[in-house]
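Student: Before I ask anything, here is the structure I am working with.
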Amino acid sequence: MRNCLLLCCCLIALCSPTVTSVAAQSPLENVPPVATYSIVAFDPQTQELGVAVQSKIPAVGAIVPWVRAGVGAIATQSFSNTQYGPDGLSLLAEGKTAAEAIEILTNGDSGRGRRQIGIVDATGNAATFTGEGCMAWAGGKTGRHYAVQGNILVSEEVVDAIAAGFEQSQGELATRLIDALQAGQAAGGEKRGMQSAALYIAREGWGYAGLNDRYRDIRVDDHADPITELRRVYQLHKQLFPTPQ
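Residue numbering for the sequence shown is -23 to -1, 1 to 222, as defined by mature numbering (1 follows the signal peptide of the UniProt record, and there is no 0).
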């Protein structure tokens, strides 16, 4: 009996993955950077919160945008820590400001030097963070009710153009966010080009059939001109699900 128990223990030990082997499967160095530019924003008139993003990786919408109605909007990119999304929204829900949430998230992250994040809360306060190890050009800026950030950009002018595009645009939040992305691309965009884009807007009670808050959730996962395609799909979505009056 004792020999059988020893044999079983040995087999379990051989079949069980070790911490080292699991970690070796996904080191930071093997994760492609989410080379991108994004904007997070709040509309005080409608209380909408949203994120728009473009990147030279496929399906950027599965990584960067995190939004919760009445709480905030977050974009997490570069060597993205996706846990920043749910954790950051929880911090905002607890009453932390956008700046406080970023400080807490990054201070507890050993990879903070390669992270980039933008947050806007449900009062319109915004903050952005760019780690010193993000690929140039990398940086961000904040304005009234929004934050813009980008990495592997042709220059700082891209971020400035996104901000200006958002401020100068008229209409509902979705239109302004897409206009902002288009302005950033017109200023040169990313060094590596374009591939995917996403728009995610939360508005309380305005999701499908009024059963959730996912008001606009549109993704272009692989396209030669993803921002133009994002606008086209948004217009289709708007026809079927009109703007609330």
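We put the CB at the ideal spot given by N, CA and C, even for glycine.
For the beta strand (DSSP E) that contains residue 147, what are its first and last residues?
Tutor: Annotation for residue 147: no beta strand (DSSP E) segment contains it, and DSSP assigns it neither H nor E.
Student: Pick from 35, 196, 25: whose alpha carbon is nearest that of residue 12?
Tutor: Answer by Cα proximity: 35.
Student: Can you tell me the Cβ-Cβ gap for residue 98 and residue 124, rounded? I've got them flagged as a contact below 8 Å.
Tutor: Going by Cβ atoms, the distance from residue 98 to residue 124 rounds to 10 Å, so no, they are not a contact pair.
Student: So, does the region 45 to 60 touch the region 84 to 97, judging by three or more C-beta pairs under 8 Å?
Tutor: yes
Student: Starting from the Cα of residue 208, find the closest Cα among 153, 164, 191 and give me that residue.
Tutor: 153
Student: For the alpha helix (DSSP H) containing residue 77, list its first residue and its last residue.
Tutor: 75 to 84
Student: Starting from the Cα of residue 169, find the closest Cα among 64, 45, 114, 189 and give me that residue.
Tutor: 114
Student: Tell me, to the nearest whole angstrom, how far the beta carbon of residue 181 is from that of residue 190; I am working on the premise that it is less than 8 Å.
Tutor: 5 Å
Student: How far does the beta strand (DSSP E) with residue 211 in it reach, from first residue to last?
Tutor: It is not in any beta strand (DSSP E) - residue 211 instead sits in the alpha helix (DSSP H) that spans 203 to 217.
Student: How many Å lie between residue 24 and residue 145 at the Cα?
Tutor: 19 Å
Student: Between residue 18 and residue 122, how many whole angstroms is the CB-CB distance? I'm expecting something under 8 Å.
Tutor: 6 Å
Student: Which runs of the alpha helix (DSSP H) at least 4 residues long sit entirely within the region 116 to 190? Give them in chain order.
Tutor: 134 to 145, 150 to 163
Student: For the region 13 to 70, list the alpha helix (DSSP H) runs that are entirely contained and at least 4 residues long, ordered along the chain.
Tutor: 61 to 70
Student: Quick check: the Cα distance between residue 68 and residue 107, rounded to an integer number of angstroms?
Tutor: 19 Å
Student: Run through DSSP, which three-state label would residue 90 get?
Tutor: helix
Student: With residue 99 as the anchor, note down where its beta strand (DSSP E) starts and where it stops.
Tutor: Premise fails: residue 99 is in no beta strand (DSSP E) and is neither H nor E.
Student: Is the beta carbon of residue 103 sitting closer than 8 Å to the one on residue 138?
Tutor: Cβ distance not < 8 Å, so residue 103 and residue 138 don't count as in contact.
Student: Evaluate residue 132 with the Cβ neighbour count: other Cβ atoms within 10 Å of its Cβ, from every protein chain shown; 16 or more gives buried, anything less gives exposed.
Tutor: Exposed, because fewer than 16 other Cβ atoms sit within 10 Å of the Cβ of residue 132.
Student: Helix, strand or coil, according to DSSP, for residue 194 in the structure here?
Tutor: strand
Student: CB-CB under 7 Å to residue 214, same chain, minus the five flanking residues each way: which ones, in chain order?
Tutor: 193, 195
Student: Kindly indicate which residue of 101, 150, 86 has the alpha-carbon position closest to the one of residue 58.
Tutor: 86
Student: Measuring CB to CB, does residue 187 end up less than 8 Å from residue 159?
Tutor: no
Student: Using the Cα positions of residue 221 and residue 148, report the straight-line distance between them to the nearest angstrom.
Tutor: 13 Å
Student: Whose CA, out of 184, 44, 171, 60, lies closest to the CA of residue 31?
Tutor: Ranking the options by Cα distance to residue 31, first place goes to 171.
Student: Got a sec? Which residues, its chain only, sit under 7 Å from residue 135 by beta carbon, not counting five neighbours each side?
Tutor: 14, 127, 161, 164, 165, 166
Student: For residue 77, which of 203, 177, 61 has the nearest alpha-carbon?
Tutor: With distances taken between Cα atoms, residue 77 lies closest to 61.
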